Amino acid sequence: MSVNEQQEILYDFKTIEQKWQDQWLSNATYRVSSDSDKEKYYVLEMFPYPSGRIHMGHVRNYSIGDVVARYKRFRGFNVLHPMGWDSFGLPAENAAIKNNTHPARWTYDNIDYMRTQLRQLGLSYDWDREIATCNPKYYTWEQQIFLEMYEKGLVYQKTTTVNWCESCHTVLANEQVIEGTCWRCDELVEARNMSGWFFKITDYAEELLADLDKLDGWPAKVVTMQRNWIGKSTGLQCDFQVDGTNEKLSIFTTRPDTIFGVTFMSIAAEHPLLETLLKDNPRKQEIRDFTARIITEKQQQAHLDVTEKEGIATGHYCINPFNGDKIPIFVANFVLMAYGTGAVMAVPAHDQRDFEFAQKYGLAIQPVVIPNETELTGDTMEEASTLPGILADSGTFTGTDSEAAKQQIIDFAKNQEIGDAHITYRLRDWGISRQRYWGAPIPMVQCDTCGVQPVPVEQLPVTLPEDRDSQQNDCAPLHQRPAFYETSCPKCKGKAKRETDTMDTFVESSWYFARYTSPRFTDAPLNKKEASHWLPVDQYIGGVEHAILHLLYSRFFTKVLRDLGYLDIDEPFTNLLTQGMVIKDGSKMSKSKGNVVDPSDLITEYGADTTRLFSLFAAPPEKDLEWNAKGVEGCYRFLNRIFRFVQSHREKIIAGGEIKNDELNSADRELHRKTHQTIKRVTNNIEQNFHFNTAISAVMELFNTLSSLSSDKKKEKPGSPVICEAVNNLLVLLCPMVPHFCAELWSTLHHETTIDDEQWPKWDEDAAREDELTIVIQVRGKVRSRLQVPADIDDASLEAMALQDENALKFIDGKAIKKIIVVKKKLVNIVV
RNA sequence: GCGAGGGUGGCGGAAUUGGUAGACGCACUGGUCUUAGGAACCAGCGCCUUUGGCAUGGGGGUUCGAGUCCCCCCUCUCGCACCA
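Heads up, the first sequence is in the numbering used here, so the first residue is 838 and it goes up one at a time.
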């Protein structure tokens, strides 16, 4: 290329991106209203915590969402695509203390900065719907929902053992404890007895479990994780009389069929019955020491592998109500107080834990379920047998099939009034009290005369104090601020104290997707009309780390809001895409590892379009994305090549013209075909599984064809009409991924329209069809030759051609032909 | 231990679901143009002992034909983890 020819217009992404971002913002291009004839589509990405700056994970998440939003708009949908800020939380408090500022100030500054960054990415949000959860205009409605839940009995206060993180100085929900450590700071979590507020998520356990079946648009992995988290078990709850006392010990078992094999009883160290058993117990101190030790150990080793079974005899016995056996009661380190009843009937023959325990302490092993064609004796067993079988030594149930016996034994227990069928869930109620400042205040009041009183709805919001009255810092917890907690009782008007805990930040994110449908509504948490128009979210996109926490809570809230009359849906998110992490040098990008790439640097160096393109091209969205700086340059080169091509072929593209099938030369045909094949591939890639990486590959192929056919070396170049068709389609196909770039090129070619007004292209099957095929000739299944044949060739002539093929003949080598297999449009296999 | 998902060139990743393995991109090699090239363009690029042979973690099987289906094993990632 000569120096003169290089004086073309350069791809000045900076100017282009700024121009279009300004235009989209000032025209509110992506503002939507429910008042439209078009079908609705709600696409949502998990909103960010305003930590300061966006990171590559955000770029990836929001690029994926933006492609979906823009694609659906091209397909004629009325697309709701909102963005907001999950803006309560501990980092704001820590940062505020460090910088001697107010958490609100820090948070809103971050929001302003990150909003600018998101706009620099050219994301097509309806910014009029932006919300920040730390704004009283948001959390006032959350407080109202809280009060309505309280009214309905879905909120209660209790003192119980909770997870305490000393480093974060607050209580955590069970879902926020990861392998015994805090989800946020990785500090070991300790058990504390504290009072707190709880949401009765267990009331919805059955529905949360059953409705998982409706979520066929969710990754199976997430559904399974939720199912396991809810952890439903069915079985028998049954009372065992404690010998020589009036006490009963209640147990839960999923194996009632093994009840005649019970040889001892294990209870948790925290079991309330233990106090009674220790009364006048000669070994009182020994047992106390033991339980104290294992409680501590349990806490410290929660994150470690299973520890060895250990226990101590209490010296007491209880009576098996089925056979009258007198069995010893042990305290055992593997029994959890939090699950079932905290007491386990031990059947060493049929439970591996009990088996190990029995072996260690020399307790009887009594097999009672004998699998077909086996013999079991307690002395010879090497491990517990968990297979079904026929009952032995089981009184009147002997000889019964174990599966059938389960129900018969439950029925028997019910008749004798010693037990009943029971369902146990692993899921426990959601503790939402946090002993922190930067959260939504819990709208309750404690009155010495009237007890706990809800704040009347008309007094909402209960706002966070913004003053510096605590002497210490701006974010001292509310219990240190008399000006906040000193109040009057809503009922008796007497002196009373406000609740000083704030709500878990996961409460805010459990319903924000619904608030987006009417973010400025001032009469209620939600405008029912808007909510029912837009919800459910058609496509939700975010990291898999929220598979349980946020997604479970949001499902719960959706059902609660439905039962409070605000929503008419059962499930919030029809389709869920869990995107992979962004990896560099083998591990997730993180400040502590020092392997972060700042998106702002990339935007400055290559532009937003290149940044978006690479994050979409490097891997399919659900997989982890390995960062590769050179790959970014490749994407940048690709855009530059297109840019230059459009500049140098501008006249031809603008001239356009009608495509007349019978006047196409071979280059025309090839390009025309490739264009339609590409439309088909890109559309299918997006529709089927959002595999933008292969969609982009397809467009690259189209451009490669376009550019090589148009180059000087070909005798026959494609004409203006097919080049115009190729370029126009290429720009629309690529527009969801690189919107500024495509909008700019489009406007330089077609001054009168904007690309946003275009329709998604349709492919023409006839145009996409190949008229010549390459047929593979195999001999004994090995590729020996290839043939160029007309697409409409019949099997017989194909077979004949194959048998005359020189290469094929060489390998047939005169041997007898056994069979010839012809696969249409693919291959001929000659079996000799 | 239980559950889920992976293992394909030097790298990221394709492969119409049983029919040309390695699309597209990166890296690399050679060339053209240049004062220069970290620009652009052209060509090559799985491995080997290259008329051919071997290749999709390893081993077996089904089939005319297997990355894809079946069995066994190895390995990696993620989730749950004494749940009675």
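Even glycine gets a Cβ: it sits at the ideal position worked out from N, Cα and C. Predicted, not measured: the structure shown is a model, and the values here were computed from it.
Report all residues from its chain with a CB closer than 6 Å to the CB of residue i; omit the five preceding and five following residues, and keep chain order.
| i | result |
| --- | --- |
| Tyr879 | Leu917, Trp1371, Val1374 and Asp1375 |
| Leu1025 | Thr1018 |
| Val905 | Val880 and Gln1376 |
| Pro1158 | Ile1255 |
Whole angstroms are fine: how far does the CA of residue j sit from the CA of residue i?
| i | j | result |
| --- | --- | --- |
| Met893 | Ala1645 | 54 Å |
| Gln954 | Ile968 | 17 Å |
| Ala1010 | Val999 | 8 Å |
| Leu1173 | Tyr1403 | 39 Å |
| Val1665 | Ala1637 | 10 Å |
| Glu1003 | Tyr1274 | 15 Å |
| Gln1290 | Val1282 | 5 Å |
| Leu1610 | Ala1628 | 5 Å |
| Glu1607 | Cys1579 | 29 Å |
| Met1426 | Thr1447 | 20 Å |
| Gln1078 | Thr1095 | 18 Å |
| Leu1389 | Pro1314 | 28 Å |
| Val1060 | Leu1052 | 8 Å |
| Asp1238 | Ile1067 | 30 Å |
| Cys1472 | Phe1451 | 6 Å |
| Ile1671 | Thr1211 | The question about residue 1671 has no answer here: the residues shown for the chain are numbered 838 through 1669. |
| Ala941 | Ala1042 | 36 Å |
| Glu979 | Leu1398 | 11 Å |
| Ala929 | Phe1343 | 15 Å |
| Asp1257 | Ala1221 | 26 Å |
| Phe1240 | His1259 | Residue identity differs from the one stated: residue 1240 is Glu in this sequence, not Phe. Those two C-alpha atoms are separated by around 16 Å. |
| Phe1127 | Lys1334 | 41 Å |
| Ala1183 | Thr1100 | 6 Å |
| Ser961 | Leu862 | 9 Å |
Look up residue i in the DSSP assignment and say whether it is helix, strand or coil.
| i | result |
| --- | --- |
| Lys1163 | strand |
| Gln1514 | helix |
| Ala969 | strand |
| Arg1623 | strand |
| Glu1553 | coil |
| Asn1666 | strand |
| Thr1018 | strand |
| Gly894 | helix |
| Met1185 | It should be noted that the sequence gives Pro, not Met, for residue 1185. In the structure shown, Pro1185 sits in coil (DSSP, three-state: anything other than H, G, I, E or B). |
| Lys875 | coil |
| Cys1561 | helix |
| Ser1485 | helix |
| Val1381 | helix |
| Asp1238 | strand |
| Gly1072 | strand |
| Asn1170 | coil |
| Thr1339 | strand |
| Glu1524 | helix |
| Gly1673 | Outside the displayed range of the chain (838 to 1669) lies residue 1673, so it cannot be described from this structure. |
| Lys851 | helix |
Once the 5 residues before and after residue i are set aside, which same chain residues still bring their CB inside 8 Å of it?
| i | result |
| --- | --- |
| Ala1456 | Gly1417, Leu1462, Glu1463 and Asn1530 |
| Asn796 | Absent from the model: residue 796. The displayed extent of the chain is 838 to 1669, so no value can be given. |
| Lys1599 | Ile1516 |
| Phe911 | Val1569, Cys1572, Pro1573, Glu1595, Gln1596 and Trp1597 |
| Glu876 | Gly913, Phe914 and Asn915 |
Within the same chain, show all residues whose beta-carbon is closer than 7 Å to that of residue i, passing over the 5 residues directly before and after it, in chain order.
| i | result |
| --- | --- |
| Arg1617 | Val1668 and Val1669 |
| Lys1365 | Tyr1403 |
| Met1031 | Thr996, Val999 and Val1008 |
What's the call for residue i, buried or exposed, on a 16-neighbour Cβ count within 10 Å?
| i | result |
| --- | --- |
| Leu1073 | buried |
| His1006 | exposed |
| Val1660 | exposed |
| Gln1122 | exposed |
| Cys1075 | buried |
| Thr1339 | buried |
(request) List in chain order: all unbroken alpha helix (DSSP H) runs of 4+ residues lying wholly within the segment 1343-1372. (result) List check, alpha helix (DSSP H) in window: 1349-1352 and 1365-1371.
(request) Just list the alpha helix (DSSP H) runs in the segment 1102-1153, keeping only unbroken ones of 4 residues or longer that don't cross its boundaries, in chain order. (result) The segment 1102-1153 contains, as complete alpha helix (DSSP H) runs of 4+ residues, the segments 1110-1115 and 1121-1137 (chain order).
(request) Starting from the N-terminal side, write out each stretch of the alpha helix (DSSP H) that is 4 residues or longer and does not extend beyond the segment 1403-1482. (result) For secondary structure counted as the alpha helix (DSSP H) over 4 or more consecutive residues, the segment 1403-1482 holds these complete runs in sequence order: 1436-1443 and 1445-1454.
(request) Run through the segment 986-1058 for me and flag every whole alpha helix (DSSP H) of 4 or more residues, listed as ranges in chain order. (result) Considered as a whole, the segment 986-1058 harbours 1042-1047 as its complete alpha helix (DSSP H) runs of no fewer than 4 residues, in chain order.
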